[in-house]
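Counting in the working numbering, the sequence shown runs without a single skipped number right up to 448 at its last residue.
A virtual CB, placed ideally from N, CA and C, is assigned to each residue, including glycine.
What you are looking at is a predicted structure, and each value in this text was computed from that prediction instead of being measured.
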Amino acid sequence: MLQGPNGNRIRHFPALALIAILTGGWQAPLPPVQSQLPTAEEINSILQELSSITGFQIRKQLPFSSITRQQVNEYLKQQIQRSVKPDEIRAEEITLKKFGFVAADFDLKQTTIDLLTEQAAAFYDFRRKKLFISDWATANMRDVALIHELAHALADQNFPIEKFTTKGPDNSESSMAREAVVEGQASWLMIEVGARRSGRTLADPETARQLLSNDGEAQSTEYPVFDKAPLYLRRTLTFPYDDGEKFQQAVFLHDGKQAFARVFHDPPISTAQITHPDRYFVHASLASPDLPKPIRHAKPFVSGAMGELETGILLEQYLDAETAHTLGPKLKGADYRVDETKGDHRMMLVYASEWNDPDAAAQYFEAYQRVLRGKWKSLDVTLSSGDHFSGKSEDGYFNVTRAGNTVLSEEGFEQPL
């Protein structure tokens, strides 16, 4: 979502590619039998299956070991400490709060660690090139996770994943799209391997309809931390898996076996391209509307892009899922910046979105007023017209305007704009 206060990229959490077993499996649930470490022969057999589907080469033996829940928790803390600076976490957290995605007392770092610790049945460490399998996962969780993580390992031997996820345009839309390539392909392969073992394939439309239609979030009731997490975290955590596997399916149907390498050679650039693969095939661009300069005595603290995914989350959170579904795809692109005053360190949000046409912009102008009324406890409106909405809240003075295809919102200012 963000560009950091020191110009550094702030990638979406999770910082590691850990599997969240939220997308459903290709087999019926098994009794909760504690799992055991797989054998090297079992791992090699699965890698061979994956290689035959993707055409990726198996270049080396894969080391693996078990890991406890406490070790996963400590591992996550160490990785976040290594890969994400404290000021970057703070910037992400402040931005989520300014948009109203999370509550004022929300702790992003701890919630992320708790979420991933709860859900990590297995994970592949892209830095160590090693597979870790949890010692508490049930047999069915381990089997599903093993295929997913071995798909990561195989892809990593052909297209170094750590480099892939940090290359490309320096914005969160590109970062999330690349994460959806990595997780979506592994999720798709997890399902395809299971389908082939039962004599089916996702190349068959009916099989694809049955196996790719699962609603991951609806199946998450066994994960209490996930269930209580803000909608933003739930959606951004599941998006790379659920939408990513459907994107991989679309590219597979379009390109056949070449699809698995194509998404690494020619990655999507936005969440809209993941959700609407037709935009990926024509290389649809992402609009970047201009933002006004910071006011006097203020400087940019953090900036970033708001794509279809995050815009849809905002609409669903404060309006409804139907509005998110119908209006979100009409977004051409959005940028924002949080400015900080030098004296009292006031944080002010400047946010512009560009839409397909004036009618869509007008719809969002009306919808965003409802967002503001929902995220603030008090709202004193001083002006409300077809293209201008302004007033004051507990966050400060705000001003929302619409001009043609663009909606601009300026929020949290000490003085009226």
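Where the beta strand (DSSP E) containing residue i begins and where it ends
i, result
"E445", "Neither: E445 is in no beta strand (DSSP E) and is coded neither H nor E."
"S411", "The question names Ser, but residue 411 is Asp in the sequence shown. From DSSP, the beta strand (DSSP E) with D411 extends over 410–415."
"K423", "419–424"
Paired residues, beta bridge with residue i - DSSP
i, result
"S96", "F163"
"R433", "V438"
"E385", "G364, T437"
"D156", "K161"
"L243", "None, per the DSSP bridge assignment."
"Y254", "DSSP lists no partner for Y254."
"G427", "S424"
"L68", "None; L68 has no bridge partner."
"L380", "V369, E442"
Residue i classed as buried or exposed, judged by whether at least 16 other C-beta atoms fall within 10 angstroms
i, result
"H328", "exposed"
"Q101", "exposed"
"P447", "exposed"
"V64", "Note that V64 scores a pLDDT of 36, beneath 50, so its modelled location is shaky and nothing firm can be said."
"E442", "buried"
"V313", "exposed"
"A383", "buried"
"P45", "The pLDDT assigned to P45 is 34, lower than 50, so where the model puts this residue is not dependable; a value taken from the coordinates is nonetheless given after this. P45 should be labelled buried."
"D174", "buried"
"P69", "buried"
"T232", "exposed"
"N202", "buried"
"S96", "exposed"
"K363", "buried"
"S440", "buried"
"P298", "buried"
Delimiting residues of the alpha helix (DSSP H) encompassing residue i
i, result
"L233", "From DSSP, L233 is part of no alpha helix (DSSP H); its letter is neither H nor E."
"R269", "A quick correction: the sequence has Thr, not Arg, at residue 269. It spans 262–286 - the alpha helix (DSSP H) in which T269 sits, taken as one unbroken run."
"T85", "71–85"
"V294", "290–296"
"F130", "117–130"
* For the segment 307–375, list the alpha helix (DSSP H) runs that are entirely contained and at least 4 residues long, ordered along the chain. => 308–312, 339–349, 352–358
* To do: Decide if the segment 267–279 is in contact with the segment 201–220; the criterion is three or more beta carbon pairs, one per stretch, under 8 Å apart.
  => yes
* If we count Cβ pairs, one from each stretch, closer than 8 Å, do we get three or more for the segment 117–128 versus the segment 191–207? -> no
* Asked: Mind pulling the alpha helix (DSSP H) runs of 4 or more residues that sit fully within the segment 171–221?
  -> 192–197
* Any 3 or more C-beta pairs closer than 8 Å across the segment 80–90 and the segment 179–187 -> yes
* To do: Would you check if there are 3 or more beta carbon pairs closer than 8 Å linking the segment 349–360 to the segment 283–298?
  => no
* Asked: Between the segment 297–313 and the segment 331–342, do at least 3 Cβ pairs fall closer than 8 Å?
  -> yes
* Stretch pair the segment 371–381 + the segment 392–408: three plus CB contacts closer than 8 Å -> no
* Asked: Touch check for the segment 266–274 and the segment 213–227: three-plus C-beta pairs under 8 Å?
  -> yes
* Is the segment 431–440 close to the segment 151–161, with three or more CB pairs under 8 Å? -> no
* To do: Pair every Cβ in the segment 313–327 with every Cβ in the segment 110–120, then say whether three or more of these pairs are closer than 8 Å.
  => no
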